[in-house]
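Residue numbers (my numbering): 30 to 266. Note that the Cβ used here is the ideal one computed from N, Cα and C, for glycine as well. The block underneath contains the structure these notes are about, expressed in structure tokens.
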């Protein structure tokens, strides 16, 4: 008995099958994609940049704590990513990080979504937060100093705050003492406001007004110098 196939029907069936496979792959991707806040470590950021620089990046997974990652890329193009490929990358990531991993990127498309449902941008994931120069010494020391280690924090997120605090002339000992003190509500101002109240722009020196004395004391306690306040208030020529 000869079986005859209707060409239009066969083509339609094939198209439906393709759509079903594509939909299944998309569903698998969505179910494995990360959700919520993600702060990548410096190593994970470098890994993501390396992945994005590949000619045919395919799958990138990251741990929920932001420290671990794994990725797969196609060297020649034309590779077929399957459900098992996704799972292989996730398993490798979890093995390396000993933490739960989710998909971060498919090809060059970021699929990890924030709490509001919007997907992260690459810039948001790889950039480092820049501390506000007007942040007070107490807040800076809180972010930069590790009380348990009695030294600067080794967290990646603390690096820009440590750089800023060293630029101001603070030391680890200064932060150690400051972190053991109660906040000073009477002079809880940022560096710019503090220098404006303590520094005499016209004479380019600490102000000699009696009202400026507590601010000068606070500025010196924070490790500020008159030259620092001169630069900060743009008082120098």
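Measure from the alpha carbon of residue 222 to the alpha carbon of each residue in 192, 259 and 193, then state which is nearest. 259
Quick one: residues in its chain with C-beta nearer than 7 Å to the C-beta of residue 19, no 5 flanking neighbours on either side, listed in chain order? This structure cannot settle anything about residue 19, because the visible part of the chain is limited to 30 through 266.
Beta carbon of residue 95 nearer than 8 Å to that of residue 67: yes
Check the Cβ-Cβ distances between residue 116 and every residue of chain D, and say whether any is below 8 Å. Going by chain labels, chain D is absent from the structure shown, which holds only one protein chain.
For the pair the stretch 112-121 and the stretch 82-91, tell me if three or more CB-CB distances fall below 8 Å. yes
Nearest residue (CA-CA) to residue 220, options 205, 207 and 252: 252
Could you tell me the alpha carbon to alpha carbon distance between residue 166 and residue 182, rounded to whole angstroms? 16 Å
Might you give, ordered along the chain, the residues of its own chain that have their beta carbon closer than 8 Å to the beta carbon of residue 225, omitting 5 neighbours on each side? 262
Measuring straight from C-alpha to C-alpha, what distance separates residue 126 and residue 60? 20 Å
Sub-8 Å separation of residue 195 and residue 170 beta-carbons: no
Taking contact to mean 3 or more Cβ pairs, one atom from each stretch, closer than 8 Å, check whether the stretch 127-134 and the stretch 102-112 are in contact. no
Hey, could you find the ends of the beta strand (DSSP E) residue 242 is sitting in? Taken as a continuous stretch (DSSP letters only), residue 242 belongs to no beta strand (DSSP E), being part of the alpha helix (DSSP H) at 242-250.
DSSP state of residue 204 mapped onto helix, strand, coil: helix
By the DSSP assignment, the alpha helix (DSSP H) with residue 239 in it spans what residues? From DSSP, residue 239 is part of no alpha helix (DSSP H); its letter is neither H nor E.
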